[in-house]
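Asker:
Here you go:
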């Protein structure tokens, strides 16, 4: 039996109300007023597809650190690198073994379900006992476009295996189609699409029912078997029409979260699956559809083990953990859609030493320090000689992971002189439970909401983008903890 062992989603903190976009851009495209209801998730200035994927994976595996995965499939249409494996960076950030296979899956918004199919085959064939799938997208859109209002940002992660399965993968069906809906050349930052009505009618409304009918006919089953149907479609009218064509009652169709999140691209069907699994009952059958240059259909059956698992952050908690993003120009600056004045401090960019990044990759991406075997003191960065004056043991260190350790704020400050796209620049010192102290940037917070001794957790974030040399540099930042379950 191959299926899901763990799952987790991630939504960025910022929300952009669609009416904010419409007020700013309806002058160029009055049609956006028709889509101005609700809000969408927006990645922060220090977030991208890699950080969203890592956050989702940590949400899924927070309570299973001892069970390392032997393969990692990372899927996105917006990874920062075309030639430098993004999955390898994610593997390092998650502290998975170097021997774990790492694969990038991309090319369409069907990449998420395609990664599940590849991971399931890896497990079924015996090449891996456990395989992780991480999927994330943070798509750029033209200002004033329909896509700007429809698209949101997010990530999702699944762990697949054959023991302790929460949801068994019963069957699959796939069809490819060179349907040119959204498309983007490799060299371009912004995509485009053909006429919207054609994309809706000939794409979503035609291809998704065709694939689902194909699976149901092949397996000789009906819609009555399923407790939930999950499929992406950012257009509300057409989303309902698809279910009607398939004969599914409205109460079985999973909420596409268009009004709260938006269409997140490759991770969207997995995000919806995470939401559904949190309230699913043993014996429930769930049909999941991935769409983009074709359709994937995945059939899951929920097992008794599902009740024993909870992600570190429930989906409702992720929805509740939010802050408004205003004004509209700030959202555009986050996406690098408009140039902004950075001052001399923002213009300065030292050369990124890739050799140093490689040498200290475990410390930088994995936040791996060291702990003295003699006195037990955790230390960062990793040391050869113990920093404790009364110890100073030499070469008696063992690796010590800080990224999953609880911590508290010792001190903090807000810097209005340092350049920051989300000012002020907040940083300070945190003390880790079990020992260790570190100076870190703070993110996903306001200066007024911080206090000494406040608990924080660590998130991988983009430290800076060296655009001249094409290097994205990441490190860990402190994020104040709010309630994880809702």
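Numbering (my numbering), first residue to last: 587 to 1072. Even for Gly, the Cβ is constructed at its ideal location relative to N, Cα and C. Keep in mind it's a predicted model, so treat the numbers as computed, not measured.
Could you check what DSSP says for residue 761 in three-state terms: helix, strand or coil?
Answerer: Note: residue 761 maps to strand in three-state DSSP.
Asker: Tell me the start and end of each unbroken alpha helix (DSSP H) in the region 720 to 748 that is at least 4 residues and wholly inside, in chain order.
Answerer: 732 to 736
Asker: How should residue 613 be labelled, buried or exposed, when 16 other C-beta atoms within 10 angstroms of its C-beta is the threshold for buried?
Answerer: exposed
Asker: Quick one: give me the first and last residue of the beta strand (DSSP E) that residue 886 is part of.
Answerer: 880 to 888
Asker: Please state whether the Cβ-Cβ distance between residue 643 and residue 704 is less than 9 Å.
Answerer: no
Asker: Per DSSP, what kind of secondary structure is residue 947 in: helix, strand or coil?
Answerer: Helix.
Asker: Can you give me the Cβ contacts of residue 1008 inside the same chain, cut-off strictly under 6 Å, excluding the 5 residues immediately before and after it?
Answerer: 631
Asker: How far does the beta strand (DSSP E) with residue 1033 in it reach, from first residue to last?
Answerer: Where residue 1033 is concerned, there is no enclosing beta strand (DSSP E), given that its DSSP letter is neither H nor E.
Asker: Assign residue 772 to one of two classes, buried (16 or more other C-beta atoms within 10 Å of its C-beta) or exposed (fewer than that).
Answerer: exposed
Asker: If we count the other Cβ atoms within 10 Å of its Cβ and call it buried at 16 or more, is residue 984 buried or exposed?
Answerer: exposed
Asker: Give the straight-line distance between the Cα atoms of residue 806 and residue 956, rounded to the nearest whole angstrom.
Answerer: 57 Å
Asker: What separation, rounded to the nearest whole angstrom, lies between the Cα atoms of residue 996 and residue 1026?
Answerer: 11 Å
Asker: In chain order, what residues of the same chain have a beta carbon less than 6 Å from the beta carbon of residue 824, not counting five sequence neighbours either side?
Answerer: 786, 790 and 791
Asker: In chain order, what residues of the same chain lie with their CB nearer than 7 Å to the CB of residue 640, ignoring the 5 residues before and after it?
Answerer: 676, 679, 680 and 1046
Asker: Taking only runs that begin and end inside the region 617 to 668, name each unbroken beta strand (DSSP E) of 3 or more residues, in chain order.
Answerer: 625 to 628 and 657 to 661
Asker: Can you give me the C-alpha to C-alpha distance between residue 935 and residue 975, rounded to a whole angstrom?
Answerer: 37 Å
Asker: Have a look at the DSSP bridge pairing and note the partners of residue 998.
Answerer: 1014
Asker: Could you please give the first and the last residue of the uninterrupted alpha helix (DSSP H) stretch that includes residue 905?
Answerer: 901 to 906
Asker: In the DSSP assignment, the alpha helix (DSSP H) including residue 610 goes from what residue to what residue?
Answerer: 604 to 611 is the span of the alpha helix (DSSP H), which, as asked, contains residue 610.
Asker: Report the rounded CA-to-CA distance for residue 776 versus residue 733, giving the unit in angstroms.
Answerer: 11 Å
Asker: Report the start-end ranges of each beta strand (DSSP E) in the region 806 to 874 that is 3 residues or longer and not cut off at the edges.
Answerer: 814 to 816
Asker: Per the DSSP calculation, residue 1063 is bridged to which residue(s)?
Answerer: 1045
Asker: Among the residues of its own chain, which have a CB less than 8 Å from the CB of residue 737, if the five just before and after it don't count?
Answerer: 626, 725, 727, 820, 848, 849, 850 and 851
Asker: According to DSSP, simplified to helix, strand and coil, what is residue 777?
Answerer: coil
Asker: With DSSP as the reference, label residue 935 as helix, strand or coil.
Answerer: coil
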